[in-house]
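*Asks:* For the working numbering, count along the sequence shown from 1 and bump the result up by 29.
Handing you this structure, nothing more for now.
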Amino acid sequence: MRPSIGLILGAPVGDTDRYQLPISVKAVLVEDGRACLLLNERDQWELPGGRLEKGETPEACLLREVREEIGLEAAVEGLLDARAFEPVPGKEVFILVYRCRLAAPGEPVLSPEHREVGWFTAGEAEALVLPAGYLETLRRALLREK
30 MRPSIGLILG APVGDTDRYQ LPISVKAVLV EDGRACLLLN ERDQWELPGG
80 RLEKGETPEA CLLREVREEI GLEAAVEGLL DARAFEPVPG KEVFILVYRC
130 RLAAPGEPVL SPEHREVGWF TAGEAEALVL PAGYLETLRR ALLREK
């Protein structure tokens, strides 16, 4: 397992006895008015991304995770959201969600950790099993397309 870092909310520097959350960096990867979503092992759609590793910037984490999960290069455009979030009941994380575009054309190559990849409009995403927080952020990112 790769070392990762976490966020301690409301704690002085060095105090690890308080509310700790792992940090996850996610991408709303937008192309032609559609966002990339991945189907995980729980049959739930999610944004590409993953845990921030020690010494890694959020942007570097995001580019690495997109490359690992779908085999494509992304370009980070800007931060969309930063908040505590519960993507799975009982599992809270602090997420940073960035709006991204493909850096170069290509076809996704799915990693073994996901079952399917798809490109969806906000309306299409509403019909999917997708955490509500991801859907809200996806909508905001796609509104910027118009």
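Virtual Cβ for every residue (Gly too), placed ideally from N, Cα, C.
(1) Give the DSSP-derived three-state secondary structure of Leu91 in the structure shown.
(2) From what residue to what residue does the beta strand (DSSP E) around Arg144 run?
(3) Taking C-alpha atoms, which residue in Lys120, Phe123, Pro77, Val122 lies nearest to Glu145?
(4) At which residues does the beta strand (DSSP E) containing Tyr127 begin and terminate?
(5) Alpha carbon to alpha carbon, what distance is there between Val54 and Val126?
(6) Where does Arg80 fall in DSSP's three states?
(7) Looking only at its chain, what residues have a beta carbon closer than 7 Å to the beta carbon of Ala170, apart from the 5 residues adjacent to it on each side?
*Replies:* Straight from the coordinates:
(1) The count along the sequence shown starts at 1 and reaches residue 91 at position 62. Leu91: helix per DSSP, three-state reduction.
(2) Position 115 of the sequence shown, counted from the start, is the residue given in the question as residue 144. That residue, Arg144, is in no beta strand (DSSP E); it is neither H nor E in DSSP.
(3) Taking the sequence shown and counting its residues from 1, the one referred to as residue 145 is at position 116. Checked all of Lys120, Phe123, Pro77, Val122; the closest Cα to Glu145 is Pro77.
(4) Taking the sequence shown and counting its residues from 1, one reaches residue 127 at position 98. Start and end: 120-131.
(5) Indexing the sequence shown from 1 puts residue 126 at position 97. Indexing the sequence shown from 1 puts residue 54 at position 25. Val54 has its alpha-carbon roughly 6 Å from the corresponding atom of Val126.
(6) Here residue 80 corresponds to residue number 51 of the sequence shown, with the count starting at 1. The answer is strand: DSSP assigns Arg80 an E or B state.
(7) Position 141 of the sequence shown holds residue 170. Excluding residues within five positions, the ones whose Cβ falls inside 7 Å are Val57, Val59, Ala64, Leu109, Arg128.
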